[in-house]
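Our numbering puts the last residue of the sequence shown at 610; the count rises by one with no breaks. Glycine included, each C-beta is placed from N, C-alpha and C at the ideal position.
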Amino acid sequence: MARLGPQAAGLSWEERGAGPAGQTGTVPARPEAWGDVVIARKDVPASYHLAVVVDDAAQGITEVVRGRDLFAATAIHRLLQALLGLPAPAYRHHGLILDAVGQKLSKSTRATGLRELRAAGATPADIRRLIEPTGAPAHP
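So this is what it looks like as structure tokens:
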């Protein structure tokens with residue numbers, strides 16, 4: 471089991487959206503707040519955390535866009551990027567699209583996807599209004 475060393479000191483990321491508490495700009499990464507994170511097991515080749523940082527680097531991803539529910543996981547991703555010598559993309563965390571009872575719409579719940587929303591006539595502006603509350607940072 472590896473423990474955090476000096477690689478964790480001073481890690482941060484560029485937040486182009488807004489975190490759960492409105493964090494924007496340079497956000498300090500504090501992976502130690504997560505405790506011990508499993509990145510691989512003998513029955514599972516790689517965790518989500520390891521898979522996304524390696525996959526993003528392999529594809530040359532420069533900006534990661536994902537839901538605010540994954541905001542805190544970015545600290546682990548920044549640590550893995552530093553340990554593996556991978557480039558750090560910028561991040562944009564957005565609000566989650568919720569259904570009428572407040573549950574997040576996602577593939578894991580077989581919720582309506584973007585394709586279905588677009589087929590029903592939703593415009594990009596309509597979809598942005600679903601994920602960003604009034605007063606949130608504007609999309610470029």
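Query	Result
Environment of E485 [buried if 16+ CB atoms lie within 10 Å]	buried
Straight-line Cα distance separating Q493 from R538	11 Å
Whole-angstrom distance between V571 and D531, CA atom to CA atom	What sits at residue 531 in the sequence shown is Ile, not Asp. Rounded to whole angstroms, I531 to V571 spans 34 Å at the Cα level.
Close Cβ partners of T604 (< 7 Å) along its chain, the five nearest in sequence each way excluded	For T604, the pLDDT reaches just 48, beneath the cut-off of 50, and the residue's location in the model is therefore unreliable, leaving the point undetermined.
Euclidean distance between Cα positions of L520 and L553	11 Å
Buried versus exposed call for Y518 [16 or more other C-beta atoms within 10 Å across all chains shown]	exposed
For R511, the three-state DSSP class (helix, strand or coil)	strand
6 Å Cβ shell around A581 - same chain, five flanking residues per side excluded	L575
Whole-angstrom distance between V507 and A516, CA atom to CA atom	12 Å
Assigned exposure category for A545 - 16 Cβ within 10 Å defines buried	buried
CB contact flag (L556, V523, <8 Å)	yes
Range covered by the beta strand (DSSP E) that runs through E484	S482 to E485
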